[in-house]
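Chemist: Position in the sequence shown (from 1) plus 221 gives the number in the numbering used here. Beta carbons: idealized from backbone N, C-alpha and C, even for Gly.
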Amino acid sequence: MKKWILPVLCVILNAVLFVGNYKMHQSNEKMHAANVKLYEQNVATEEAFEHRYDKYETKITDYEGFENYPLKAEQSEANKYYEKREVMYMHAVSAPTDVVFVGDSITDRFAWEECYPDLVVKRRAIVGDTTAGVLSRTDSVLATEPKKIFLLIGTNDLYALSKEQELDEEAYQEVLNNYIAILDTYQEQAPDTKIYVESVLPMLEMDETKNERKDYNELIQRFNKDLVMICSDHKVTYLNLWKLLAEEDGTLKEEYAMDGLHLTPQAYRVMKPYIDECVYE
């Protein structure tokens, strides 16, 4: 072998190793950047998962003159709270909006806007709300000019109905009629807005309230079947989140139950990927 061949081979080998190491370095940098981005997203999502009402409640007084708003006399604290949230939503309008989440405490307790920092996301949810309440405040939802609306309502309506010895069929039909009227209003006033209806979620029968809630889960399943038909008639998307959280017997899985009705962070973790698909589709 000629003397010059070995040095040349060494140079070529070193060059190949250098190029390989350089490409590996670039790949590692890209992977690191992707991991950093994923970490930042996870941090934001974790903060949302651990979110509680007391963090968000401080924002109620964010607009000028709120404290001077004249509340109606002799109201319960719950009614005062509801009215304040209505006023806040009417004043805190910014449009257009990518996504609005509408509902009751199940929606209000989770910081959806913190999960989608790349989008304009708003909550229009009030603890204790019903289908009648959501129907009465469609203006504050549509004022945000949303591209998409996610609606989860009916929990408190059905809870109230389930406490009666026998189901009031007329009252049950009124709840369905309210739901239909909500969708009609959204579609008439915002025909280009895409609507997603979320199923009412199951409940876990806690020891201290078993007798109170014995028929609640059966009623939820009936209501969700009616919702499927309503969504089909209105050509809107129905999201069956109930199946993600329910045991075989129709009750809420224990690991997802904070108090039997409200959800743990783990429950939101389970639901979020399915909602993500609709948010970004």
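On the DSSP letters alone, give me the boundaries of the alpha helix (DSSP H) that residue 323 sits inside.
Modeler: No alpha helix (DSSP H) holds residue 323; the beta strand (DSSP E) holding it covers 318-324.
Chemist: Need the endpoints of the beta strand (DSSP E) that residue 460 sits in, please.
Modeler: 458-460 is the span of the beta strand (DSSP E), which, as asked, contains residue 460.
Chemist: Report the residue ranges of all beta strand (DSSP E) runs contained in full by the stretch 358-391; include only those spanning at least 3 residues, in chain order.
Modeler: Here the runs fully enclosed are 367-373.
Chemist: Please report the straight-line C-alpha distance between residue 366 and residue 497, rounded to a whole angstrom.
Modeler: Cα to Cα, the separation comes out at about 20 Å.
Chemist: Indicate the three-state DSSP secondary structure (helix, strand or coil) for residue 337 in the structure shown.
Modeler: It is coil, neither helix nor strand.
Chemist: Considering just the uninterrupted stretch of the beta strand (DSSP E) at residue 415, what are its terminal residues?
Modeler: Run containing residue 415: 415-419, per the beta strand (DSSP E) assignment.
Chemist: Under 7 Å from any heavy atom of the ligand ATP, does the C-beta of residue 373 make it?
Modeler: The model depicted lacks the ligand ATP and carries no ligand whatsoever.
Chemist: CA-CA distance, residue 281 and residue 323?
Modeler: The pLDDT assigned to residue 281 is 39, lower than 50, so where the model puts this residue is not dependable; a value taken from the coordinates is nonetheless given after this. Those two C-alpha atoms are separated by around 17 Å.
Chemist: Is the beta carbon of residue 359 less than 8 Å from the beta carbon of residue 327?
Modeler: It is not a contact, given that the beta carbons lie outside the stated cut-off.
Chemist: Please say whether residue 340 and residue 320 have beta carbons closer to each other than 8 Å?
Modeler: Against a cut-off of 8 Å, the Cβ pair of residue 340 and residue 320 comes out as a contact.
Chemist: What did DSSP end up calling residue 344 once you bin it into helix, strand or coil?
Modeler: If DSSP states are grouped into helix, strand and coil, residue 344 belongs with the strands.
Chemist: Can the beta-carbon of residue 416 be found less than 8 Å from the beta-carbon of residue 460?
Modeler: No, they are not a contact pair.
Chemist: Judging by CA-CA distance, which residue of 464, 453, 457 and 450 is the nearest neighbour of residue 424?
Modeler: Checked all of 464, 453, 457 and 450; the closest Cα to residue 424 is 464.
Chemist: Give me the DSSP bridge partner(s) of residue 402.
Modeler: According to DSSP, residue 402 bridges with nothing at all.
Chemist: Would you report the Cα separation of residue 362 and residue 352, rounded to the nearest angstrom?
Modeler: Whole-angstrom Cα-Cα distance: 14 Å.
Chemist: What does DSSP give as the partner residue(s) for residue 473 in the beta ladder?
Modeler: Its beta-bridge partners are 467.
Chemist: Out of 492, 488, 494 and 482, which one is the CA nearest neighbour of residue 325?
Modeler: Answer by Cα proximity: 482.
Chemist: Rounded to the nearest angstrom, what separates residue 484 and residue 478 at their Cα positions?
Modeler: About 5 Å.
Chemist: In whole angstroms, give me the CA-to-CA distance for residue 487 and residue 493.
Modeler: If I take the Cα positions, the gap works out to 10 Å.
Chemist: Do you know offhand how far residue 438's Cα is from residue 343's?
Modeler: So the alpha carbons of these two residues sit roughly 30 Å apart.
Chemist: Can residue 368 and residue 412 be called in contact, C-beta distance under 8 Å?
Modeler: Their beta carbons are not under 8 Å apart, which means residue 368 does not touch residue 412 by this criterion.
Chemist: Which residues share a DSSP beta bridge with residue 478?
Modeler: In DSSP, residue 478 forms a bridge with 484.
Chemist: I'd like the list of long-range same chain contacts for residue 379, defined as Cβ closer than 8 Å, with 5 residues on each side in sequence excluded.
Modeler: Excluding residues within five positions, the ones whose Cβ falls inside 8 Å are 396, 421, 437, 440, 441 and 444.
Chemist: Specify the secondary structure class of residue 331 as computed by DSSP and reduced to three states.
Modeler: In this structure, residue 331 counts as coil in the three-state DSSP scheme.
Chemist: For residue 419 versus residue 462, is the C-beta spacing smaller than 8 Å?
Modeler: For residue 419 and residue 462, yes; Cβs fall inside 8 Å.
Chemist: Among 456, 450 and 350, which one has its Cα closest to the Cα of residue 329?
Modeler: Checked all of 456, 450 and 350; the closest Cα to residue 329 is 350.
Chemist: Less than 8 Å between the CB atoms is what I'm expecting for residue 375 and residue 400, so what's the real figure, rounded?
Modeler: Going by Cβ atoms, the distance from residue 375 to residue 400 rounds to 7 Å, so yes, they are a contact pair.
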